[in-house]
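Okay, structure first, notes after.
2 protein chains.
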Amino acid sequence: MVKTDFSPIADTTRRAEIVALLRRAILTGQLEPGQKLNELRISEQMRVSRAPLREAMRELVQEGLLTSIPYAGTFVIDVTAKDIDDAYSLNKVLDEFAIERTWPQRDQRFFDELDRRHEAVKLATRNLDTTRQIETALQLHGLIYEWADNSVLLETWQRLISRLQMYFALHQQARNEPVPAEDVHETYVRLMKGTDMRAAQRHAREHINLDFEQLLSYARGLEQRPSKGA
Amino acid sequence: MVKTDFSPIADTTRRAEIVALLRRAILTGQLEPGQKLNELRISEQMRVSRAPLREAMRELVQEGLLTSIPYAGTFVIDVTAKDIDDAYSLNKVLDEFAIERTWPQRDQRFFDELDRRHEAVKLATRNLDTTRQIETALQLHGLIYEWADNSVLLETWQRLISRLQMYFALHQQARNEPVPAEDVHETYVRLMKGTDMRAAQRHAREHINLDFEQLLSYARGLEQRPSKGA
DNA sequence: GACAATCAGATTGTCGACAATCTAACAAGA
DNA sequence: TCTTGTTAGATTGTCGACAATCTGATTGTC
Numbered sequence: 001m002v003k004t005d006f007s008p009i010a011d012t013t014r015r016a017e018i019v020a021l022l023r024r025a026i027l028t029g030q031l032e033p034g035q036k037l038n039e040l041r042i043s044e045q046m047r048v049s050r051a052p053l054r055e056a057m058r059e060l061v062q063e064g065l066l067t068s069i070p071y072a073g074t075f076v077i078d079v080t081a082k083d084i085d086d087a088y089s090l091n092k093v094l095d096e097f098a099i100e101r102t103w104p105q106r107d108q109r110f111f112d113e114l115d116r117r118h119e120a121v122k123l124a125t126r127n128l129d130t131t132r133q134i135e136t137a138l139q140l141h142g143l144i145y146e147w148a149d150n151s152v153l154l155e156t157w158q159r160l161i162s163r164l165q166m167y168f169a170l171h172q173q174a175r176n177e178p179v180p181a182e183d184v185h186e187t188y189v190r191l192m193k194g195t196d197m198r199a200a201q202r203h204a205r206e207h208i209n210l211d212f213e214q215l216l217s218y219a220r221g222l223e224q225r226p227s228k229g230a
Numbered sequence: 231m232v233k234t235d236f237s238p239i240a241d242t243t244r245r246a247e248i249v250a251l252l253r254r255a256i257l258t259g260q261l262e263p264g265q266k267l268n269e270l271r272i273s274e275q276m277r278v279s280r281a282p283l284r285e286a287m288r289e290l291v292q293e294g295l296l297t298s299i300p301y302a303g304t305f306v307i308d309v310t311a312k313d314i315d316d317a318y319s320l321n322k323v324l325d326e327f328a329i330e331r332t333w334p335q336r337d338q339r340f341f342d343e344l345d346r347r348h349e350a351v352k353l354a355t356r357n358l359d360t361t362r363q364i365e366t367a368l369q370l371h372g373l374i375y376e377w378a379d380n381s382v383l384l385e386t387w388q389r390l391i392s393r394l395q396m397y398f399a400l401h402q403q404a405r406n407e408p409v410p411a412e413d414v415h416e417t418y419v420r421l422m423k424g425t426d427m428r429a430a431q432r433h434a435r436e437h438i439n440l441d442f443e444q445l446l447s448y449a450r451g452l453e454q455r456p457s458k459g460a
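Which chain is which? The protein sequence lines are A and B, in order. Counting along the first sequence from 1, when you hit position 224 you're at 224 in the numbering used here, and nothing is skipped either side. Counting along the second sequence from 1, when you hit position 17 you're at 247 in the numbering used here, and nothing is skipped either side.
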C-alpha cells in the first residue's frame with residue numbers, strides 16, 4: 001500500500017477565521033494600539049453574529065494581543081517601551097535555551113529548512129515587502145524553537161513573538177522603509193550550521209540587541225504623546 | 231490627605247466566575263485529564279447559559295488547560311511525561327532568570343513577604359492540606375517572578391504553573407499523602423536572603439529536580455494504561 | 001457658575017432557539 | 001462477513017433579541 005501523509009482538515013468554524021483575521025489586522029498595524037474594538041460594527045462588517053466574534057476576542061485576550069475591561073470594551077494592547085524591553089530580555093534567555101536544545105538534534109533536514117527560510121527572508125527583502133520581511137525573519141528565527149522538541153517552549157515563544165511582531169510592524173510603519181538586515185541573518189545561518197554553539201548563542205543575543213535598540217527608541221518616542229486609545 | 235490604596239473592583243461578570251470555577255476544578259483534579267466537558271450539562275449545573283460558559287472555555291483553552299476540537303468537544307488536557315519534562319526544563323531556565331532579575335531589587339518588604347509565604351506553606355503542611363500545600367508552595371516560589379519586574383516573564387510563569395499545579399494535584403491525589411518538603415523551602419528562603427546569587431540559582435534548580443523526579447515516575451505510570459479520554 | 005440628579009443613547013453581557021455537524025446504531029447489498 | 005448508505009439522537013456552532021451597565025449630555029438646584 002502507498003504510504004500517504006494527510007495534513008489535518010482546516011478548522012472550518014467562523015470563530016477560527018475571525019481569530020486569524022483579527023490577529024493579522026493587529027500584527028500588521030491595521031488596528032492601532034489602544035484602539036477599541038466595537039463588537040457590533042465588526043460583526044456587521046464580517047457578516048457574522050457577535051457570539052463567534054466575542055469568543056474569538058477572548059482567545060486573543062488570552063494570547064496577549066487584546067485587553068478586556070468588563071462593560072467597557074476590548075482594546076488592542078498598548079505598546080510601552082517597558083513591554084518591549086521585557087519581551088526582548090526574556091527572548092534572549094529563551095533563545096539560548098532553544099539553541100542549546102536544538103544543537104544536538106541538527107541534521108540535514110534542519111539545515112535544508114534553515115536555508116529555505118533564509119531564502120524567503122531574502123526574497124521579501126528584495127521585494128521591499130516589509131510586512132512579509134518581518135514574518136519570514138521571525139519564521140527563520142523560530143526554527144530553533146520548532147526543532148528544540150519542547151512544546152511548552154514553542155508555545156511560549158509563539159506568544160512572545162505575537163507581540164514582538166506587532167511592535168516590529170509599528171516600527172516599520174513609522175519609519176516606512178525596509179530594514180536591510182540581510183547580512184545579520186547570513187551570519188546567523190552560518191553559525192547555526194557550524195560547530196561552536198556558544199558562538200551561535202552569543203550572536204543570537206547580539207543580533208537581537210541590534211533591532212531592539214531601534215524598537216526601544218521608537219517606543220520611547222510614542223510615549224511622549226499619549227495615544228488616543230489611552 | 232490620607233493616602234489610600236484601593237484594590238480593583240471584582241470582575242462581576244458570569245464569565246469570570248465560570249473561568250475561576252472551571253480552573254479550580256481542573257487544578258484540583260475534580261475534572262480528570264482527557265475528560266470531555268459537556269456544555270449543556272455544565273451550563274445547567276451552573277444555572278448559566280452556554281454563551282458565557284463557551285467564552286470561559288475559550289479562555290482556558292488559550293491558557294493551556296483545555297483543548298478544543300471543532301464540532302467534537304472541549305477536553306481537559308492529557309498529562310504526558312514529556313509535557314512535564316518540557317515544562318520543568320523550561321521552568322529551570324525561567325527560575326535562573328527570575329532570580330537574576332530579582333536579586334538586586336530585594337529589600338525589607340521582599341524578605342517580609344518571603345517569610346509570610348513561607349509561613350503559609352508551613353501552616354498548610356501542618357494541617358495536612360495537600361491542595362493548599364501545593365498552592366502556597368507555588369506562591370512562595372512565585373515571589374521571585376512578581377519581584378523581577380518583568381510582566382511578560384510573570385505571565386509566562388503563570389501559564390506554566392497552571393499546568394504544573396495540575397500535575398502536582400494529580401500526583402498528590404494518586405499518592406494520597408502529603409509531601410513533607412518543608413526543609414527544602416527552609417533552605418530556599420535562607421539562600422534568597424543571603425548574598426550568593428549563584429548558590430540560590432543552583433538550589434532552585436536542584437530543588438525543582440527533586441519533585442520533578444517524583445512527578446515523572448507518576449506520569450510514566452499513567453501512560454502504561456491509556457486514559458478513557460484518549 | 002458649580003454641582004448633583006436624571007435620562008437617553010450606545011455598548012457590552014447574557015439568554016433561548018435554531019442550524020450545522022458528528023457519532024453510533026442499523027439496514028442493504030456485494 | 002465485510003463494506004457502504006441511511007437515519008436518529010446528541011452535541012457543538014451560530015444567530016437574533018433582551019437585560020445590565022456605562023457614558024455624556026441635560027436639567028434643576030444652590
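From the three backbone atoms N, C-alpha and C, an ideal C-beta is built for every residue, glycine too. In this text the structure is predicted, and so the values were computed from the model without any measurement.
Just tell me which of the options has its CA closest to the CA of residue i.
i        : options                                : result
B/THR243 : A/LYS193, A/ARG47, A/ILE69             : A/ILE69
B/VAL351 : B/THR310, B/THR366, B/PHE340, B/ALA328 : B/THR366
A/ILE208 : A/ASP112, A/TRP147, A/ILE84, A/GLN173  : A/ILE84
A/ARG117 : A/GLU186, A/VAL79, A/ASP149, A/ARG159  : A/GLU186
B/TYR375 : B/GLU330, B/MET276, B/GLY264, B/VAL309 : B/GLU330
A/ASP78  : A/GLU44, A/GLN108, A/ASP86, A/GLY34    : A/GLY34
B/SER381 : A/TYR71, A/MET57, A/ASP86              : A/ASP86
Only counting the same chain, and skipping five residues up and downstream in sequence, which positions put a Cβ closer than 6 Å to that of residue i?
i        : result
A/TYR88  : PHE212
A/LYS36  : GLY73, PHE75
A/PHE168 : ILE134
A/ASP95  : ALA204
B/ALA354 : ARG362, GLN363, THR366
A/MET197 : TRP103
Going by other Cβ atoms of all chains shown within 10 Å of its Cβ, with 16 needed for buried, is residue i buried or exposed?
i        : result
B/GLU349 : exposed
B/ARG405 : exposed
A/ALA240 : One cannot answer for residue 240 of chain A here, as it falls past the ends of chain A, which runs 1 to 230.
B/ALA429 : exposed
A/ARG235 : Since the first and last residues shown for chain A are 1 and 230, residue 235 of chain A lies out of range.
B/SER447 : exposed
A/ASP183 : exposed
Sorted by chain position, which residues of the same chain lie with C-beta nearer than 8 Å to residue i's C-beta, five sequence neighbours on each side aside?
i        : result
A/SER162 : ARG23, LEU27, GLU63, GLY64, LEU65
B/LEU187 : Missing from the structure shown is residue 187 of chain B; chain B here goes from 231 to 460 and no further.
B/ARG450 : ALA311
B/GLN395 : LEU257, ILE364, GLU365, LEU368
A/THR195 : none
B/ARG389 : GLU293, GLY294
A/VAL61  : THR67, SER68, THR74
Could you name the residues of the same chain whose beta carbon sits closer than 7 Å to that of residue i, not counting the 5 residues immediately before and after it, in chain order?
i        : result
A/ILE42  : LEU53
B/VAL278 : ARG244, ILE248
B/ALA246 : none
A/GLU55  : ARG15
B/GLN444 : HIS401
Rounded to the nearest angstrom, how far is the Cβ of residue i from that of residue j, given a contact under 8 Å?
i        : j        : result
A/ARG50  : A/GLU59  : 15 Å between Cβ atoms; not a contact.
B/ARG435 : B/LYS322 : 5 Å
A/ALA156 : B/LEU320 : The sequence shown places Thr at residue 156 of chain A, not Ala. A/THR156 to B/LEU320, Cβ: 7 Å. Contact.
A/GLY29  : A/LEU170 : 5 Å
A/LEU153 : A/PHE97  : 7 Å
B/TRP377 : B/GLN431 : So it is not a contact: roughly 15 Å between Cβ atoms.
Chain-ordered residues of the stretch 91 to 104 of chain A with a beta carbon less than 7 Å from chain B: VAL93, PHE97
Where the stretch 372 to 387 of chain B meets chain A: residues whose CB sits under 8 Å from a CB there: ASN380, SER381, VAL382, LEU383, GLU385, THR386
Under 8 Å (Cβ pairs) to chain B, residues found in the stretch 193 to 219 of chain A: none
Contacting positions in the stretch 60 to 84 of chain A - beta carbon closer than 9 Å to chain B: LEU60, VAL61, GLN62, GLU63, GLY64, PRO70, TYR71, LYS82, ASP83
Residues within the stretch 30 to 55 of chain A neighbouring chain B, beta-carbon criterion of under 7 Å: ALA51, ARG54, GLU55
Where the stretch 118 to 139 of chain A meets chain B: residues whose CB sits under 9 Å from a CB there: none
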